[in-house]
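Take a look at the structure set out below.
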Amino acid sequence: MRGDLGDRLGRPLKDLRISVTDRCNFRCRYCMPREVFGKDFPFLERGGIMSFEEIDRFAGIFIDLGVEKIRLTGGEPLLRKNLPDLISMLSMRGVEIAMTTNGVLLPRYAPALSAAGLDRVTVSLDAIDESTFASITDSGHTVASVMAGIEAAESVGLGPIKINTVVKKNSNEDEILDLVERFSNRDIAIRFIEYMDVGTTNGWSMEEVVTAEEIRSIIGVDEQITPDKKSDVAKRYRLSKGGEVGVISSVTEPFCGDCTRARLSADGRLFTCLFSSKGVDLLTMMRAGSTDKELAKAIETTWSNREDRYSEIRSEQANTPNRIEMSYIGG
Ligand code: SAM
Ligand code: SF4
Ligand code: SF4
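Numbering (my numbering), first residue to last: 564 to 894.
Here's what the structure looks like:
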């Protein structure tokens with residue numbers, strides 16, 4: 564069975580993103596605006612969230628179905644208590660384990676994460692300028708603390724590190740060159756991401772998207788580098804002065820044709836697209852006593868019926884209601 568599961572558009576299931584919490588210590592305006600995600604927001608209850616044993620069991624089933632890489636995300640994954648214990652369990656499964664984080668808790672946890680077997684981290688950082696960073700993340704955390712996180716991760720071998728920068732108009736276009744300057748010549752891959760219409764709370768509009776074309780022209784990229792893998796979401800470009808950058812053009816140059824990613828929310832629902840409005844409740848099945856075989860069958864059925872390609876047909880669907888929030892589904 565391993566590896567031969569294809570969806571309706573012939574795409575295999577290769578990557579699994581697991582959200583370990585829907586909570587976060589940032590309130591990025593484009594992801595968890597504070598006026599929505601305030602103290603009364605109904606975050607998931609503790610008992611409704613997958614335990615480490617449940618996550619590990621799901622991981623085993625997905626790996627048997629062909630998954631080669633697992634990425635832990637959220638919310639902010641480092642808010643999940645004892646996360647290195649989960650990494651220890653997953654690292655026994657023989658696939659690459661990565662994590663996406665806002666980085667501020669890395670100085671505290673990087674050594675334990677590395678010792679537990681985490682392979683690499685992607686750190687999100689949208690600005691180098693402290694006041695721009697503060698207005699985007701709305702959190703009281705600082706660029707300096709993210710930089711300390713990046714250094715902590717590097718020093719324990721959690722590299723090569725990737726940096727994710729979401730670019731939003733009239734917010735951080737001015738930061739692009741400074742970020743390139745800071746990172747492109749180190750052993751760090753910086754990737755600029757078009758601002759996406761995930762969820763329904765960020766008030767997204769196309770006018771606020773800085774397009775991949777605009778990003779490339781601000782940076783002045785040279786030639787494109789041939790991707791290592793077809794499913795790489797970033798297009799990589801060489802810089803004339805040395806180093807490279809990536810651009811993730813989810814809105815204007817979509818890549819659904821190569822999308823091999825499934826997502827498991829912290830409450831154990833399977834989503835086959837970032838823009839889905841409903842998921843398959845695998846955790847309830849597991850807790851009701853379903854066997855691994857039954858759970859595998861449910862995943863297979865869901866994946867083989869998958870025909871998602873939201874970004875390719877965005878203009879026809881822009882008003883799809885109830886799209887799941889990024890902090891819940893896992894970015
Ligand atoms: N909290 C962690 C972090 O920020 O790295 C992990 C979860 S976060 C949802 C994962 C990634 O999604 C981050 O790099 C973030 O910048 C990105 N993201 C969130 N909302 C987005 C949006 N509307 N458009 C594009 N990227 C977005
Ligand atoms: Fe938190 Fe990450 Fe969303 Fe920012 S992008 S609010 S750090 S989950
Ligand atoms: Fe994959 Fe959906 Fe994004 Fe297309 S829109 S690349 S199918 S997650």
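Each residue gets a CB set at the ideal place from its N, CA and C atoms; glycine is no exception.
Environment of residue i [buried if 16+ CB atoms lie within 10 Å]
i	result
glutamate 631	buried
glutamate 757	buried
isoleucine 876	exposed
asparagine 727	buried
aspartate 760	buried
phenylalanine 604	exposed
leucine 845	buried
glycine 712	buried
Whether residue i touches residue j by CB criterion (8 Å)
i	j	result
alanine 752	glycine 809	yes
leucine 642	arginine 586	yes
threonine 700	glycine 894	no
aspartate 570	arginine 826	no
serine 651	alanine 679	yes
methionine 889	glycine 762	yes
cysteine 822	arginine 574	yes
glutamate 816	tyrosine 800	no
isoleucine 887	phenylalanine 818	no
serine 694	valine 667	no
tyrosine 593	asparagine 765	yes
proline 647	alanine 673	no
isoleucine 724	isoleucine 778	no
Where the alpha helix (DSSP H) containing residue i begins and where it ends
i	result
aspartate 648	646–654
glutamate 863	855–867
tyrosine 891	889–892
leucine 669	669–679
threonine 636	Element bounds for threonine 636: not the alpha helix (DSSP H) but the beta strand (DSSP E), 632–636.
isoleucine 739	739–746
leucine 845	845–850
leucine 699	Correcting the residue type first, residue 699 is isoleucine in the shown sequence and not leucine. Unbroken alpha helix (DSSP H) run through isoleucine 699: 693–700.
Residue range of the beta strand (DSSP E) that includes residue i
i	result
glycine 899	It is not possible to answer for residue 899, since the shown part of the chain is limited to 564 through 894.
alanine 578	The sequence shown places aspartate at residue 578, rather than the alanine named in the question. Looking at the DSSP string, the run of the beta strand (DSSP E) that includes aspartate 578 is 578–582.
aspartate 902	Past the boundaries of the shown model lies residue 902; the chain is included only from 564 to 894, so the question cannot be answered.
serine 708	Element bounds for serine 708: not the beta strand (DSSP E) but the alpha helix (DSSP H), 706–718.
leucine 827	824–827
methionine 759	Counting along the chain, methionine 759 falls outside any beta strand (DSSP E), and DSSP gives it neither H nor E.
threonine 815	Element bounds for threonine 815: n/a, residue is neither H nor E.
glutamate 659	659–664
arginine 832	832–834
serine 687	683–687
arginine 620	Not the beta strand (DSSP E): arginine 620 falls in the alpha helix (DSSP H), residues 615–627.
leucine 802	798–802
How do the stretch 849–865 and the stretch 794–802 stand: do at least 3 beta-carbon pairs fall below 8 Å, yes or no?
-> no
Quick one, what's near ligand 2 if you take every residue whose CB is closer than 5 Å to any heavy atom, in chain order?
-> Cys587, Phe589, Cys591, Cys594, Met595, Asn665, Ser890
Environment of ligand 3 in chain order, Cβ to heavy atom below 7 Å = Ser813, Pro817, Phe818, Cys819, Cys822, Arg824, Cys836, Leu837, Phe838, Asp871, Arg872, Tyr873, Ser874, Glu875
Counting Cβ pairs, one atom from each stretch, are 3 or more of them under 8 Å apart for the stretch 800–808 and the stretch 826–845?
-> no
Three CB pairs or more closer than 8 Å across the stretch 817–836 and the stretch 576–585 = Judged by Cβ distances under 8 Å, the stretch 817–836 makes contact with the stretch 576–585, as three or more pairs qualify.
Is the stretch 849–856 close to the stretch 660–667, with three or more CB pairs under 8 Å?
-> no
Given 8 Å as the limit, is there contact between the stretch 764–779 and the stretch 717–736, that is, 3 or more CB pairs closer than that?
-> yes
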